[in-house]
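Chains as they are written, first to last, in UniProt numbering: chain A, 1 to 103; chain B, 1 to 402. All C-beta atoms in this analysis are idealised placements derived from N, C-alpha and C, irrespective of residue type, glycine included. If you're wondering where the values come from, they're calculated on a predicted model, not measured in any experiment.
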Amino acid sequence: MASSRNISVSEASRPKLPRHTRLKFDETRQVWVILAPERVLAPDEIAVEVLQLCDGVRSVAEMVDQLAAKYAAPREAIATDVIAMLQDLADKGFLTEAREKAS
Amino acid sequence: MSDILADGKTASAAPSDGLAVLEHKRSTAETFGIPLAVLAELTHRCPLQCPYCSNPIELDRASSELTTEEWKKVLSELAEIGVLQIHFSGGEPTARKDLVELVQHATDVGLYSNLITSAVLLNREKLSALADAGLCHVQISFQGNEPIVADRVAGLKNAHEKKLEVAKWTRELDLPLTVNAVMHRQNLHQLPDIIQMAVDLDADRLEVANVQYYGWALKNRAALMPTLEQIEETSRIVDEAATRLKGILAIDYVVPDYYALRPKKCMGGWGRQFFNISPAGKVLPCHAAESITGLDFESVRSNHSIAWIWQNSEAFNRYRGTGWMPEPCKSCEFREIDFGGCRCQAFALTGDAGNTDPACTLSPMHEKIFKDAEREAAAHQDRFLYRNFAGGTLETEGEHGA
């Protein structure tokens with residue numbers, strides 16, 4: 001379903017990069033890049049850290065817990081920033097939700 | 001937050017100017033680091049005969065094509081110097097028997113691979129093998145939303161039906177899909193249906209690309225040129241669909257520049273952020289560059305490296321940056337925004353690639369090409385000259401009645 005791609009990010013979401021994108025370290029330019037058809041993104045360090053947690057298994061809530069502990073920062077502030085960042089990526093087509101496995 | 005390179009970061013960098021953002025140490029005009037993406041035209045052979053084909057009129061014969069080993073060496077070299085993406089194109093890239101091997105090699109050297117295809121030569125096993133070889137993305141061209149218009153434009157029976165089938169397999173294999181729709185006077189009325197078709201095919205992305213008039217398309221200009229009313233309607237339809245389908249279907253829109261006021265920043269500027277490699281191995285600033293006579297393009301078969309050709313060859317440096325510009329470009333405040341437009345179009349319409357692109361209102365030719373476009377669009381000369389190795393074949397009256 002095409003509409004499933006239009007995700008709304010919440011703490012319960014388990015986001016991941018869609019198949020057409022690749023997060024990769026560009027050795028030549030020494031920057032992280034996200035590769036997508038006809039586009040290359042240069043995410044900043046914080047975005048890269050969050051994106052590396054987006055494996056389709058971890059929930060946003062778990063990521064926020066992890067980051068709040070690591071940076072000893074208020075959980076609410078981190079949650080707001082992380083959700084806003086992920087939603088922005090999702091709106092631009094660079095984030096999707098893990099498909100339910102038919103088990 | 002992450003910066004989408006396409007959004008640009010500096011005031012002078014136009015949208016999609018990825019390099020200017022990644023390599024922002026120098027001024028926009030001076031920037032010509034190794035491109036992020038390269039187009040590999042594996043062959044000029046193609047079962048379709050589209051009258052707007054972007055290949056040159058003088059097509060490379062099969063016997064002159066780079067061998068499998070030569071292409072693999074090229075792919076390795078590209079990855080080594082910092083290219084990140086490879087677009088396999090043509091002609092029809094699936095006409096090459098070694099495509100799976102080349103995709104596998106691209107994967108092995110760490111390149112993100114995209115297949116730009118007409119799809120008509122693919123079967124499910126071949127597509128599946130390409131996916132297994134690590135293909136990252138598939139782009140399928142469509143000539144309309146139904147067979148009557150689409151098969152006539154492609155000059156191939158049952159092409160449309162085959163494309164639909166391959167698009168479905170693409171999604172079944174969980175490969176991401178871009179629908180590419182080249183638009184002109186004789187199919188623009190189908191645009192809303194083409195957008196819906198892309199949604200129904202579960203495409204991630206739709207390119208609505210108005211024909212750019214070089215080579216074959218220039219020969220067919222009278223049969224393809226849209227009316228001004230059509231272009232205004234197209235912009236309205238695309239804007240509405242882009243809003244309605246946000247998050248479902250990304251739409252990229254290429255506007256036709258004959259009706260524009262400012263020229264397009266063609267290829268992001270000559271020799272600034274893009275090159276392609278022709279079937280015979282020529283390294284070119286754009287796929288139409290060979291139409292400019294008097295320029296000598298180096299080959300990957302020469303004893304120069306690709307990086308050397310990009311940085312030092314005469315053809316790339318001829319129109320690079322802003323130093324080559326005559327007036328009115330030279331003193332124009334937009335010279336680093338559009339780099340004087342398109343060299344191939346300047347050559348095709350004025351006879352000198354060093355002139356201002358007539359798409360620009362500041363060109364003395366602008367008024368004339370605008371009038372030509374309006375006149376041709378109104379004349380309803382609808383017969384196509386089909387693209388082929390024989391220099392083109394005019395559509396018969398019978399076909400044209402379709």
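| Item | Value |
| --- | --- |
| Per DSSP, cross-strand counterpart(s) of A209(B) | V182(B) and V254(B) |
| Other residues of its chain near P37(A): CB distance less than 8 Å, five sequence neighbours each side excluded | H20 |
| Residues of the stretch 81-99 of chain B with Cβ closer than 8 Å to any Cβ of chain A, in chain order | I81, G82, L84 and Q85 |
| Chain-ordered chain A contacts of A250(B) [CB-CB under 7 Å] | G93 |
| Among Y213(B), V153(B), R236(B) and A181(B), nearest to M225(B) - alpha-carbon criterion | Y213(B) |
| Cβ pair D193(B), E240(B) closer than 9 Å | no |
| Residue closest to H380(B), alpha-carbon to alpha-carbon, out of Q85(B), H184(B), S54(B) and E125(B) | H184(B) |
| Own chain partners of T361(B) with C-beta closer than 8 Å, once the 5 adjacent residues on each side are dropped | L261 and R262 |
| Rounded distance between the beta-carbons of D382(B) and A223(B), thought under 8 Å | 5 Å |
| R272(B) vs F88(B) beta-carbon contact at 9 Å | no |
| Heavy atom of the ligand FMN within 8 Å of C342(B) beta-carbon | The ligand FMN is not among the ligands present in this structure, which contains no ligands whatsoever. |
| E397(B) versus A131(B) - alpha carbon distance | 42 Å |
| Chain A contact for G247(B) (CB, 9 Å cutoff) | yes |
| Contact set between Y253(B) and chain A, taken where Cβ atoms lie within less than 9 Å | Here the premise fails: no neighbours, minimum Cβ distance about 13 Å. |
| Sub-9 Å separation of V283(B) and V254(B) beta-carbons | no |
| W310(B) versus F274(B): straight-line alpha-carbon distance, rounded | 9 Å |
| is_contact[G33(B), chain A] using C-beta, thresh 9 Å | yes |
| Cβ of Q139(B) within 9 Å of any chain A Cβ | yes |
| For H160(B) and A167(B), believed in contact at Cβ under 8 Å, the rounded distance | Not quite, the Cβ-Cβ distance comes to about 11 Å (not below 8 Å), so this is no contact. |
| Presumed contact (8 Å Cβ cut-off) between G215(B) and S54(B), rounded CB distance | 7 Å |
| Selection from H137(B), E125(B), I116(B) and K72(B) that minimises the alpha carbon distance to residue 443(B) | Given a span of 1 to 402 for chain B in the structure shown, any question on residue 443(B) remains unanswerable. |
| Nearest-angstrom Cβ-Cβ length linking Q196(B) and G144(B), presumed shorter than 8 Å | About 13 Å separates the two Cβ atoms, so there is no contact after all. |
| According to DSSP, residues forming a beta bridge with K16(A) | D55(A) and T96(A) |
| Contacts around A378(B), its chain only, beta-carbon distance under 8 Å, and the 5 residues preceding and following it disregarded | T227 |
| Chain B contact for R19(A) (CB, 9 Å cutoff) | yes |
| Chain B within 9 Å of A90(A), Cβ atoms only | yes |
| Coarse secondary structure for H87(B), derived from DSSP in three states | strand |
| Proximity test, Cβ basis, 9 Å: V64(A) and chain B | no |
| Proximity test, Cβ basis, 9 Å: C342(B) and chain A | no |
| Partner residues on chain A for D174(B), Cβ-Cβ distance less than 7 Å | R19 |
| P93(B) classed as buried or exposed, judged by whether at least 16 other C-beta atoms fall within 10 angstroms | buried |
| I195(B) - DSSP class collapsed to helix/strand/coil | helix |
| Short-range partners of chain B found in the stretch 46-63 of chain A, where Cβ spacing is below 7 Å | A47 |
| Beta-carbon proximity list for Q186(B), same chain, < 8 Å, skipping 5 on both sides | V149, V153, A223, L224 and D382 |
| Beta-carbon neighbours of L35(A), restricted to chain B and to distances below 7 Å | L84, Q85 and Y112 |
| Opening and closing residue of the alpha helix (DSSP H) in which R244(B) lies | L228 to R244 |
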